[in-house]
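Following: one structure in structure tokens, then a few remarks.
Protein chains in written order, with this note's numbering: chain A, 193 to 297; chain B, 193 to 297.
Here's what the structure looks like:
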């Protein structure tokens with residue numbers, strides 16, 4: 193199994209609507225990917241490692257799929273629609289990463 | 193619930209022993225934290241978002257706890273021992289982040 197992590201770097205004056213992200217955007221992703229997305233998780237950045245420091249990422253999601261091909265095959269056809277929704281919750285550019293799930297919950 | 197993400201930035205010539213991390217280091221963390229760590233997950237970075245690009249992080253773990261105080265209270269007393277084990281699997285300096293778990297599996 194793999195996970196696709198979408199990570200939004202924290203910037204002091206950036207906009208990020210956590211409620212929209214949780215209630216609208218991520219359900220849209222799941223709806224379009226269908227069973228291609230086994231499940232997903234969402235994080236809200238609280239703090240960095242040093243006392244009083246901001247988090248590296250203000251928001252993250254992790255999309256779990258059977259394989260990279262499954263992700264590409266089920267996200268790809270809807271990428272345009274999904275990406276068009278991003279402006280509704282943030283003006284940040286996310287960092288993407290694909291990881292192998294070594295230990296799952 | 194919160195998660196503490198420990199993320200090791202990918203560098204071309206860095207050392208990272210994924211097997212040791214999975215089989216020795218993370219079980220050590222869990223053993224020392226006890227019930228303070230509800231569970232943890234481990235990722236191995238495969239690729240970045242752009243075709244052919246490396247992952248931002250070569251390895252990550254996410255430690256799930258009831259609260260920041262629980263993490264501090266159960267990890268803190270063992271931090272010295274746990275940190276001393278890091279050299280056994282990597283020469284990288286991790287990035288730490290604390291997040292609120294908005295959507296869990």
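Every residue, glycine too, gets a C-beta built ideally from N, C-alpha and C.
- In terms of Cα proximity to residue 267 of chain B, the closest of B/228, B/193, B/251 and B/288 is B/228.
- Excluding residues up to 5 positions away in sequence, 234 lie with their Cβ nearer than 8 Å to the Cβ of residue 214 of chain A in the same chain.
- When secondary structure is reduced to three states using DSSP, residue 296 of chain A falls in the coil class, being assigned neither helix nor strand.
- Distance from the CA atom of residue 243 of chain B to the CA atom of residue 253 of chain A, rounded to whole angstroms, is 20 Å.
- When secondary structure is reduced to three states using DSSP, residue 230 of chain A falls in the coil class, being assigned neither helix nor strand.
- Restricting attention to B/221, B/293 and B/223, the CA atom closest to the CA of residue 259 of chain B is found in B/293.
- It is roughly 23 Å from the alpha-carbon of residue 281 of chain B to the alpha-carbon of residue 263 of chain B.
- Within chain A, the C-beta atoms nearer than 7 Å to that of residue 234 of chain B come from 294 and 295, in chain order.
- Neighbours of residue 195 of chain A in chain B, taken as residues whose beta carbon is under 7 Å from its own, are 235 in chain order.
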